[in-house]
Structure formats: structure tokens, C-alpha cells
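Numbering follows this note's numbering, in which position 68 of the sequence shown is assigned residue number 75; successive positions increment by one, without gaps.
Think of the CB as a built atom: it goes at the ideal place given N, C-alpha and C, for glycine as much as any other residue.
Since the structure comes first, as C-alpha cells, the remarks are kept for the end.
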Amino acid sequence: MSDWWSILRGILGMSPSEENWRTLWQHLLIAPSGEHEHITQYVNAHTASWPAAVREVRLTEVQRLVEEDLVWCLAIPRCLTLDANLSDRALQSLHEALRGSEITHLQNIPGSLSLPFLLEVMTTRPLKSLRSLSVDRVVLGDKIIDTLARLPIVHNLQSLTLKHCQMGQAGMMQLTRSPYLSQLTELTLVHVGGARLRFPELFRAPMVHRLHTLHLEGDKMETEAVSALCQSLQLKKLVSLTCCDSHLGDREARLLAQASNLRSLKELDLSANQIGPVGRDELTQSPHLQALERLCLDDNPCTHIEMESIAR
């Protein structure tokens, strides 16, 4: 028993990483019986500073823990990764198993879930402490976005990530009108709607007033949308802004350079757009972007021109 504790202390003395978490997790599965409560308190105290995303348990692991009577371990992870669909009976066991957990992050393996199962998990009462939700390659559609936006479970969300979820304009409207998304500080939308999506409503919505990180990628942003972003007082707390592969050109770069509401920006990523030397100069000489510590213009015409000049 003393050897088990010595190994545990050694693991907890290592820096937080996915590899070290996996080592810790495997060690917990062979913990001495009769000390589970003490072990839980000890490990949680020593991993409190570890990123929640590192302290991960997968859904298939939860199922195995239930079968092997190791449910006590679920009081330690903070991130639940959905990597498979479960039957209704197994899902009920999941509900019971998570009752004593403190899961704050929910994410999925891309393409691993059916939509009905995702909704079932999202209505799990033990997930009431959810702080971060990431959904990747699950076809949601406008009606499901509406349903998610109305779930009380999202009330405490600080981070929301939607990737390849096929959300249209109606879905965007429902998202911006959600009565539960007022705590968001990070929002990521990647390839969610294509040409069907318009962003002005998002940039004007009260739900974005706490955002310090906004990541938009793969969906076209019209000049009107960029103008709305640059005029939105709701976004004045932004520290990091990403608009990658968004069809932005010199005109949109000029709008960003003139945006007095973006004075707090420290990171601006505009890679994979159509910004030329004129737009680049507007951004680098902007009096409103003096706080910038990082400006990324990779894969834009302006960077291609510079590389060609160096080559000559």
C-alpha cells in the first residue's frame, strides 16, 4: 500500500500533460480499497491546477468503470469525451455513474456520435456544472441548434466550440437569442454554415459581451459582417480574434484597422484570406491595434509577394 502511495506522489509531482494524466488514471484503477474517498480528495487537491481538458475520461471507459465497480474514479476527471453511441440501458447507467462527478468539459470524437445520442447526453442532470462544450462533425441543423440553445445545461458555459455542424442563418439567430449563453468568454465556429451564414446578428448579440476569444474559420464573412464586428461595443473585451479562410480582402482589413472597439486585441489571426500589401500596411500601421503582440497573415497574397521578392 505504501508503494502505491509513493508512486502516486511521484506521478502528481510531474507536470500536467495528457501522457502524465493517462499514467495517473491507470494507477487510480488499481488503488487500494477502503481509501477511495481519501484518494479522491488528495488527487483532486493536487490536480486542481491541471487543465480540465487534460483530466479526460472517455465514454467507453465510463462504461467499463460501471461494469468493474470503479465508479468512484469518476469524481476525479473534469473532461468527458464522447467516443461512441450507447444503448438506452447503458446511457441510464451513465447517468447514475456521473451523479457524483464534476465534469466541466464535454467534447466528442469527430464523427463518432449520432444526433439523438448527443441530445440524450446533453440532458444528463449530472452535467449541470458544464463550462465547456465542443461538438465536431455532428450534423446539428437549425432545429437542433435551437434545442441546444434552450437547454439549461448551457447556462454556465464559458467556452463553446462548433465545428462542421451545418448551422444555417436560423440556427445563428437562435444561438444569439439564447437566454442561457450569457457567460461565454470563448466562442469558436469552424465551417458551420458556409455561404448561408451571416454574422452581423452574432456581433451585435448580448451573448458576446464577455468574449475575450473569438475564433471564426472557413465561413465567408461579407463586408457588412466585418463592419458590424468593427462597430460592436459588445466585443470591446476581445483579446484574441481569428478570422481564417473567411474571404477577407484589403477592404475588410482596412475596416479592422479602423476599429476603435478592438483596442484590447493582443492576437489577430487573418491567415488564408485575400489580403494584399495595402491591407497589411493598414493593419500594421493602425493606431487602434497598438496592443497587438501577434499578427498572423500567413497564406495571404501579401505574404506570397514578400516570399517572391526574397526569392529574387
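Counting only runs of at least 4 residues, the region 170-222 fully encloses the following alpha helix (DSSP H) elements, listed from N- to C-terminal order: 176-183, 207-211. Under a 10 Å Cβ-count criterion, A55 is classified as exposed, with fewer than 16 other Cβ atoms of the shown protein chains found around its own Cβ. Looking at E208, D90, L194, the one whose alpha-carbon comes closest to that of C250 is L194. Here Q114 is bridged, per DSSP, to T88, S141.
When the alpha-carbon of W32 is set against those of V78, S9, E74, the nearest one is in V78. Counting along the chain, V146 sits inside no beta strand (DSSP E), nor does DSSP assign it H or E at all.
For E42, the secondary structure class from DSSP, reduced to helix, strand or coil, is coil. Going by C-alpha positions, L35 is about 29 Å away from N163.
Cβ-Cβ distances below 8 Å link L125 to L89, N115, V142, V145 in the same chain, with the five nearest sequence neighbours on each side left out; the list follows chain order.
Around L302, the same chain offers L275 as residues with beta carbons nearer than 6 Å, after the five sequence neighbours per side are excluded. Judged by their CB atoms, A59 and R85 are nearer to each other than the 8 Å cut-off. Taking the Cα positions, R29 is about 9 Å away from E63. Every unbroken stretch of the alpha helix (DSSP H) spanning 4 or more residues and falling wholly within the region 270-315 is given here in chain order: 284-291. When the five nearest sequence neighbours on each side are left out, the beta carbons in the same chain lying within less than 8 Å of the beta carbon of I18 are those of N27, T30, L31, H34, in order along the chain. Taken in chain order, the unbroken stretches of alpha helix (DSSP H) that lie wholly in the region 15-75 and span 4 residues or more are 25-35, 43-53, 66-74.
Measuring C-alpha to C-alpha distances from F210 to each of Q265, L248, H198, G225 identifies L248 as the nearest. For L101, the enclosing alpha helix (DSSP H) starts and ends at 95-104. Rounded to the nearest angstrom, the gap between the Cα atoms of S278 and V161 is 31 Å. Distance between T291 and G200, taken at the CA atoms: about 31 Å.
If you ignore the 5 residues before and after A264, its C-beta comes within less than 6 Å of the C-beta of E289, L290, S293, all in its own chain and listed in chain order. Taking the Cβ atoms as the reference, S166 lies roughly 7 Å from R138, within the contact range of under 8 Å. Pairing A232 with L101, the inter-Cα distance amounts to about 42 Å. C-alpha of S253 to C-alpha of L236: approximately 13 Å in a straight line. Beta-bridge pairing by DSSP links S166 to S139, E193. The DSSP-derived three-state label of S9 is helix. Here R261 is near G286, since their CB atoms are less than 8 Å apart. With a beta-carbon spacing of about 7 Å, A82 and E109 fall inside the 8 Å limit used to define contacts.
Listed in chain order, the non-local C-beta contacts of T67 below 8 Å within the same chain comprise D90, A91, local neighbours out to five positions each way being set aside. Here S267 carries a helix assignment [DSSP, helix/strand/coil].
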